[in-house]
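*Asks:* In terms of this note's numbering, the sequence shown is residues 16 to 107. The C-beta atom is built at its ideal place from N, Cα and C for all residues, glycine as well.
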Amino acid sequence: MSFVRKPRPYSSGLPSLPAPLSAPPSAPSSRAPRTRPARPTGPRSSWATAVTALAVLGTVVVLLVGATGLVNQLWRDAQFRSAAAGVSDVMH
16 MSFVRKPRPY
26 SSGLPSLPAP
36 LSAPPSAPSS
46 RAPRTRPARP
56 TGPRSSWATA
66 VTALAVLGTV
76 VVLLVGATGL
86 VNQLWRDAQF
96 RSAAAGVSDV
106 MH
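1) Have a look at Ala70 and Asn87 and give me their C-alpha separation to the nearest angstrom.
2) What is the DSSP secondary structure of Thr56, counted as helix, strand or coil?
3) Among the residues of its own chain, which have a CB less than 6 Å from the CB of Ser97, if the five just before and after it don't count?
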């Protein structure tokens, strides 16, 4: 029993065709690994390049701001310790 819908002769205006022959049995398929098609080597998407560049730039900015904040904190701590050492010298 076939579940394929048969075309009706009046649907396209063409004469009806004889019933198609059944397909020959296919050879048993061996489980060969699928090969992926090679990526195109043409020009890449400008959007992908722009997004990657912005991501790299954002990472650099975040690292730069974080490193600058750390250096400023260490510098302020060193100044505070120096001032505290000076105050303790005066007290003794």
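*Replies:* In short, the structure shows the following:
1) 26 Å
2) coil
3) Within the same chain, no residue comes within 6 Å of Ser97 by CB-CB distance, once the 5 residues on both sides are set aside.
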